[in-house]
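*Asks:* Respectively, the protein sequence lines represent chains V and C.
Under our numbering, the first residue of the first sequence carries the number 8, and numbering increases by one thereafter.
Under our numbering, the first residue of the second sequence carries the number 23, and numbering increases by one thereafter.
From the three backbone atoms N, C-alpha and C, an ideal C-beta is built for every residue, glycine too.
Because the structure is a prediction, the values reported are computed rather than measured.
Okay, handing you the structure first.
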Amino acid sequence: MSFFSKLKEGLNKTRKGITDKIDDLFNNYGEIDDELFDELEEILIMADVGMSTSMKLIEKLREELKVRKIKDSSEIKAVFKDVVKMILNENNNVPFAVGDEPTIIMVIGVNGVGKTTSIGKIAHSLKSEGKKVLIAAGDTFRAAAIDQLMIWGERVGVGVIHQSEGSDPAAVIFDAVQAAKARKVDVLICDTAGRLHNKVNLMNELAKVFRVIEREYPEAKKEVLLVLDATTGQNAVQQAKVFNEAAEISGIVLTKLDGTAKGGVVLAINSELNIPVKLIGVGEGIEDLQRFDAHDFVEALLN
Amino acid sequence: MVFESLADRLQNAFSNLRGKGKLNEKDVKEAMREVKLALLEADVNYKVVKDFVKTVTDRAIGEDVLKSLTPGQQVIKIVNEELTNLMGKTQSKIEYASQSPTILMMAGLQGAGKTTTCGKLGHLLKKAGKRPLLVACDIYRPAAIKQLQVVGEKLDLPVFTMGDKVSPVDIAKASIEHAKKYNNDLVILDTAGRLHIDETLMAELIDIKAAVDPKEILLVLDAMTGQDAVNVAEHFNTQLEINGVILTKLDGDTRGGAALSVRSVTGKPIKFVGMGEKLTDLEEFYPDRMASRILGMGDVLSLIEKA
Ligand SMILES: Nc1nc2c(ncn2[C@@H]2O[C@H](COP(=O)(O)OP(=O)(O)OP(=O)(O)O)[C@@H](O)[C@H]2O)c(=O)[nH]1
Ligand SMILES: Nc1nc2c(ncn2[C@@H]2O[C@H](COP(=O)(O)OP(=O)(O)OP(=O)(O)O)[C@@H](O)[C@H]2O)c(=O)[nH]1
Ligand SMILES: [Mg+2]
Ligand SMILES: [Mg+2]
Chain V
8 MSFFSKLKEG LNKTRKGITD KIDDLFNNYG EIDDELFDEL EEILIMADVG MSTSMKLIEK
68 LREELKVRKI KDSSEIKAVF KDVVKMILNE NNNVPFAVGD EPTIIMVIGV NGVGKTTSIG
128 KIAHSLKSEG KKVLIAAGDT FRAAAIDQLM IWGERVGVGV IHQSEGSDPA AVIFDAVQAA
188 KARKVDVLIC DTAGRLHNKV NLMNELAKVF RVIEREYPEA KKEVLLVLDA TTGQNAVQQA
248 KVFNEAAEIS GIVLTKLDGT AKGGVVLAIN SELNIPVKLI GVGEGIEDLQ RFDAHDFVEA
308 LLN
Chain C
23 MVFESLADRL QNAFSNLRGK GKLNEKDVKE AMREVKLALL EADVNYKVVK DFVKTVTDRA
83 IGEDVLKSLT PGQQVIKIVN EELTNLMGKT QSKIEYASQS PTILMMAGLQ GAGKTTTCGK
143 LGHLLKKAGK RPLLVACDIY RPAAIKQLQV VGEKLDLPVF TMGDKVSPVD IAKASIEHAK
203 KYNNDLVILD TAGRLHIDET LMAELIDIKA AVDPKEILLV LDAMTGQDAV NVAEHFNTQL
263 EINGVILTKL DGDTRGGAAL SVRSVTGKPI KFVGMGEKLT DLEEFYPDRM ASRILGMGDV
323 LSLIEKA
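Shown next as structure tokens:
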């Protein structure tokens, strides 16, 4: 199956909600008036785009409509799509890829968003590309987090460096980095414990782990992936902000898009924080991961 | 923060109206836009916000708000009262069955906090004199059973499992026999996370319900949930008829508008809130605190007292 049709399948339910409504709206209106924009605002907010980003989108849409001298509502949809794509593309949405140099991927985020599962999927995807992958069990806190990751390691067929529950995460990562060097792996993916961004001590713990990586493997390319649950509302923006202060996030993994949540928070984060979305999760299986593509995403969302 | 506090915004909106007598609809409208913004920023569902704003507008117009020197605070008071009303009364109680054991079933989306909450609730009710048994009905998630076992061990609570090759319905049934035999008067079923639109997995919960007739089915919901909270709650409630909600991860900085959304679409009480990852971090739910939180005003009560 092509990426596009798979993405569409994954986004099917997501699409239903938002696009039916937008289609209804645009086709049943004649002349463009304020009420139409109000209704568009409602649709966007219901999709978790958030108030400020919705207003920004609508403002841009109004400008574009003026520039293109469009008067009839049936033509709005195409313009609106362009506007959304503009927001997504403004922020250099380079697709997720691992090059030839050794790479360390840190996976971070709040509790239960899908970090460990995404690591399994990413490891599988990279291994299928022929990369030599190693995983580090940096969540030493949550009950059976290590067992969960080891099951994923077995499923994928890659090694997992771990210590026992309760040990120092920085020490686990230290071990893993040494193992990655010794085994000459291409990619080391580090799991971390879920942590709420407002817990200073836990964020400091994360910073310590980053320092270990930087010190022990300066020549490796670093990729920091923030995992966000698409079901999350406006708090996701705050999560992205605070995690981004602790470590420069290179990309977002947006999970659980197979539900009915619209994932509109992507637009808010893209427009407010310039952090590209790189991967999306569309299920619990090993294959349920897609590379994010702004064009395809908007097409699938609005077509 | 982009937005100043709702309290400040409301007072600004009313500053030029002081001493004008009764409020008319136009006066109230501007203030209500601020209320609407605050609620939407807090992730309260759009439709719920619309209804709510209408209720508050009607009330504010009818009252002598402007006779007060601080009309903004008067409106906050109305907003807070209505919000607290909507949130329901304090109901952090678990109903016990007349015949032992009482069976509780956790349900919810993936990663909401069900397994952790099973432990927390077991611990809380053990302190209240119960003898809980935790039951591992999640046969899908990698290491879900082990997770519940670790939780049980930490709390010194027994955990019933039959591995991941037996159907959750059979596990649930067998656990009741086990509970009777070992004198456990409370059975807490942990179930796998599932999407509300996953028909197969929702049918599984319906089957468990039919097989063991739980006294309470509790929807475990992440407090950070956005607009989709109403969809989730509605689906779980229509298919399972839930008895209440447990709101998790309130130790974060989310405003938690999902609480209001879920409460207003299901009418079911929020019974407990999860306030951390530790197994003791489960607290009673206070509607008034939640109202202040959603409005983004920790100090709303003191403001109102001055009004
Ligand atoms: N439907 C769906 N479920 C997912 C997806 N990604 C992860 N999950 C599920 O979400 C739940 C939590 O996933 P985990 O990978 O354990 O999340 P985590 O972020 O590692 O959690 P903590 O380590 O506890 O913070 C599990 O039940 C996963 O199967 C997705 O894309 N879609
Ligand atoms: N900060 C915080 N974390 C919580 C709370 N409740 C649960 N968690 C965390 O959320 C994550 C998911 O919790 P689980 O109990 O595994 O969630 P679940 O609903 O059983 O997940 P699945 O079985 O995969 O559907 C874990 O990291 C928990 O430690 C809470 O009240 N506060
Ligand atoms: Mg994890
Ligand atoms: Mg669980």
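Confirm, please, whether the CB-CB distance from residue 119 of chain V to residue 173 of chain V is below 8 Å.
*Replies:* Numbered from 1 along the first sequence, position 166 holds the residue referred to as residue 173 of chain V. Numbered from 1 along the first sequence, position 112 holds the residue referred to as residue 119 of chain V. No, they are not a contact pair.
*Asks:* For the region 135-168 of chain C, enumerate the residues whose C-beta is nearer than 7 Å to any C-beta of chain V, in chain order.
*Replies:* Within the region 135-168 of chain C, the qualifying residues are 135, 164, 165 and 168.
*Asks:* Can you give me the Cβ contacts of residue 287 of chain C inside the same chain, cut-off strictly under 6 Å, excluding the 5 residues immediately before and after it?
*Replies:* As a first step, residue 287 of chain C must be located in the second sequence, where it is residue number 265. If we look at residue 287 of chain C and ignore the five residues flanking it on each side, its Cβ neighbours are 252, 255 and 256.
*Asks:* Going straight from the alpha carbon of residue 52 of chain C to that of residue 98 of chain C, what length do you get?
*Replies:* As a working mapping, residue 52 of chain C is identified with position 30 in the second sequence. As a working mapping, residue 98 of chain C is identified with position 76 in the second sequence. Going from the Cα of residue 52 of chain C to the Cα of residue 98 of chain C covers about 14 Å.
*Asks:* Looking at chain C, is there any beta carbon in it that lies within less than 8 Å of the beta carbon of residue 245 of chain V?
*Replies:* As a working mapping, residue 245 of chain V is identified with position 238 in the first sequence. Output row for residue 245 of chain V: interface = yes.
*Asks:* Is residue 109 of chain C close to chain V? Criterion is C-beta to C-beta, closer than 8 Å.
*Replies:* Here the question's residue 109 of chain C lines up with position 87 in the second sequence. No, residue 109 of chain C does not count as interfacial toward chain V.
*Asks:* Report the rounded CA-to-CA distance for residue 148 of chain V versus residue 160 of chain C, giving the unit in angstroms.
*Replies:* Position 141 of the first sequence holds residue 148 of chain V. Position 138 of the second sequence holds residue 160 of chain C. Residue 148 of chain V and residue 160 of chain C: Cα-Cα distance of roughly 21 Å.
*Asks:* Look at the alpha carbon of residue 60 of chain C and the alpha carbon of residue 317 of chain C, and state the distance between them as a whole number of angstroms.
*Replies:* Start at 1 with the first residue of the second sequence, and residue 60 of chain C comes out as number 38. Start at 1 with the first residue of the second sequence, and residue 317 of chain C comes out as number 295. Going from the Cα of residue 60 of chain C to the Cα of residue 317 of chain C covers about 6 Å.
*Asks:* Consider the C-beta atom of residue 155 of chain V and the heavy atoms of ligand 1; say whether any pair is separated by less than 7 Å.
*Replies:* Counting from 1 along the first sequence, the entry for residue 155 of chain V is found at position 148. Correct: residue 155 of chain V has its Cβ closer than 7 Å to ligand 1.
*Asks:* Return the CA-CA distance between residue 298 of chain V and residue 112 of chain V, expressed in angstroms with no decimal places.
*Replies:* As a working note, residue 298 of chain V is residue 291 in the first sequence. As a working note, residue 112 of chain V is residue 105 in the first sequence. So the alpha carbons of these two residues sit roughly 16 Å apart.
*Asks:* I want to verify the contact list: residues of chain C whose CB lies under 9 Å from the CB of residue 272 of chain V, in sequence order.
*Replies:* For this step, residue 272 of chain V is matched to residue 265 along the first sequence. By Cβ distance, chain C contributes 248.
*Asks:* Which residue from V:291, V:245 and V:293 puts its Cα closest to that of residue 279 of chain V?
*Replies:* Indexing the first sequence from 1 puts residue 279 of chain V at position 272. Among V:291, V:245 and V:293, the Cα nearest to that of residue 279 of chain V belongs to V:245.
*Asks:* Starting from the beta carbon of residue 274 of chain C, find every residue of chain V whose beta carbon is closer than 8 Å, and list them in chain order.
*Replies:* By 1-based counting over the second sequence, the position of residue 274 of chain C is 252. Those within 8 Å of residue 274 of chain C in chain V are 117, 203, 204, 205 and 242.
*Asks:* Can you determine whether any heavy atom of ligand 4 sits closer than 7 Å to the C-beta of residue 215 of chain C, and answer yes or no?
*Replies:* Position 193 of the second sequence, counted from the first residue, corresponds to residue 215 of chain C. Checking every heavy atom of ligand 4 against the Cβ of residue 215 of chain C, one is found closer than 7 Å.
*Asks:* Taking buried to mean at least 16 other C-beta atoms within 10 Å of its own C-beta, is residue 190 of chain V buried or exposed?
*Replies:* The count along the first sequence starts at 1 and reaches residue 190 of chain V at position 183. So residue 190 of chain V ends up on the exposed side.
*Asks:* Would a C-beta distance cut-off of 8 Å place residue 213 of chain C and residue 190 of chain C closer than the cut-off?
*Replies:* For the purposes of this step, residue 213 of chain C is taken as residue 191 along the second sequence, with counting starting at 1. For the purposes of this step, residue 190 of chain C is taken as residue 168 along the second sequence, with counting starting at 1. Yes, they are a contact pair.
*Asks:* Which residue marks the beginning of the alpha helix (DSSP H) containing residue 171 of chain C, and which one marks its end?
*Replies:* The residue given as residue 171 of chain C occupies position 149 in the second sequence. Start and end: 166-177.
*Asks:* Can you determine whether any heavy atom of ligand 6 sits closer than 7 Å to the C-beta of residue 136 of chain C, and answer yes or no?
*Replies:* With respect to ligand 6, the structure offers nothing, as its ligand set consists of ligand 1, ligand 2, ligand 3 and ligand 4.
*Asks:* Identify the continuous alpha helix (DSSP H) that holds residue 176 of chain V and give its terminal residues.
*Replies:* Here residue 176 of chain V corresponds to residue number 169 of the first sequence, with the count starting at 1. Element bounds for residue 176 of chain V: 176-189.
*Asks:* Could you check where the alpha helix (DSSP H) with residue 2 of chain C kicks off and where it finishes?
*Replies:* As displayed, chain C neither begins before 23 nor continues past 329, which places residue 2 of chain C out of reach and without an answer.
*Asks:* In angstroms with no decimal places, state the Cα-to-Cα distance between residue 302 of chain V and residue 135 of chain V.
*Replies:* Stepping through the first sequence from its first residue, residue 302 of chain V is reached at position 295. Stepping through the first sequence from its first residue, residue 135 of chain V is reached at position 128. Cα to Cα, residue 302 of chain V sits roughly 25 Å from residue 135 of chain V.
*Asks:* Straight-line CA distance for residue 254 of chain V to residue 67 of chain C?
*Replies:* Position 247 of the first sequence, counting from 1, holds the residue named residue 254 of chain V. Position 45 of the second sequence, counting from 1, holds the residue named residue 67 of chain C. Residue 254 of chain V and residue 67 of chain C: Cα-Cα distance of roughly 32 Å.
*Asks:* In chain C, what lies closer than 8 Å to residue 121 of chain V by C-beta?
*Replies:* Within the first sequence, residue 121 of chain V is the residue found at index 114, counting from 1. Correct list: 132 and 133.
*Asks:* So which residues on chain C does residue 239 of chain V lean against when the C-beta distance must stay under 8 Å?
*Replies:* Within the first sequence, the letter at position 232 stands for residue 239 of chain V. Here the neighbours are 244, 246, 247 and 248.
*Asks:* Would you say residue 65 of chain C lies against chain V (beta-carbon separation less than 8 Å)?
*Replies:* For the purposes of this step, residue 65 of chain C is taken as the residue at position 43 of the second sequence. Yes, its Cβ sits closer than 8 Å to a Cβ of chain V.
*Asks:* For the region 296-318 of chain C, list every residue whose C-beta sits within 8 Å of some C-beta in chain V, in sequence order.
*Replies:* Those residues of the region 296-318 of chain C that come within reach of chain V (Cβ to Cβ, closer than 8 Å) are 299.
*Asks:* Using 10 angstroms around the beta-carbon of residue 74 of chain V, count the other beta-carbons present and answer buried if the total reaches 16, otherwise exposed.
*Replies:* Counting from 1 along the first sequence, the entry for residue 74 of chain V is found at position 67. Under this definition residue 74 of chain V is an exposed residue.
*Asks:* Quick one: complete beta strand (DSSP E) runs, 3+ long, within the region 227-265 of chain C?
*Replies:* Segments of the beta strand (DSSP E) lying fully in the region 227-265 of chain C: 238-244.
*Asks:* Please list the partners that residue 253 of chain C has in chain V, where partner means a Cβ-to-Cβ separation under 7 Å.
*Replies:* By one-based count along the second sequence, residue 253 of chain C stands at place 231. Per Cβ cutoff of 7 Å: 267.
*Asks:* Between which two residues does the beta strand (DSSP E) carrying residue 199 of chain V extend?
*Replies:* Here residue 199 of chain V corresponds to residue number 192 of the first sequence, with the count starting at 1. Segment 194-199, the beta strand (DSSP E) holding residue 199 of chain V.
*Asks:* Go through the region 90-159 of chain V residue by residue and report every complete run of the alpha helix (DSSP H) that reaches 4 residues or more, in order.
*Replies:* Runs found: 122-135.
*Asks:* Please report the residue range of the beta strand (DSSP E) in which residue 154 of chain C lies.
*Replies:* For the purposes of this step, residue 154 of chain C is taken as the residue at position 132 of the second sequence. Its beta strand (DSSP E) spans residues 154-158.
*Asks:* Which residues in chain C sit within 7 Å of residue 155 of chain V, going by Cβ to Cβ distance?
*Replies:* The count along the first sequence starts at 1 and reaches residue 155 of chain V at position 148. Those are 164 and 165, listed as they occur along chain C.
*Asks:* Do residue 250 of chain V and residue 219 of chain V have their CB atoms nearer than 8 Å?
*Replies:* Start at 1 with the first residue of the first sequence, and residue 250 of chain V comes out as number 243. Start at 1 with the first residue of the first sequence, and residue 219 of chain V comes out as number 212. Their beta carbons are not under 8 Å apart, which means residue 250 of chain V does not touch residue 219 of chain V by this criterion.
*Asks:* Short check: CB of residue 334 of chain C to CB of residue 237 of chain C, under 8 Å?
*Replies:* Outside the shown range of chain C, which is 23 to 329, sits residue 334 of chain C, and nothing can be said about it.
*Asks:* Taking C-beta pairs closer than 7 Å, name the residues in chain C that residue 53 of chain V reaches, listed in chain order.
*Replies:* Along the first sequence, one-based indexing puts residue 53 of chain V at 46. Residues of chain C passing the Cβ test: 68 and 249.
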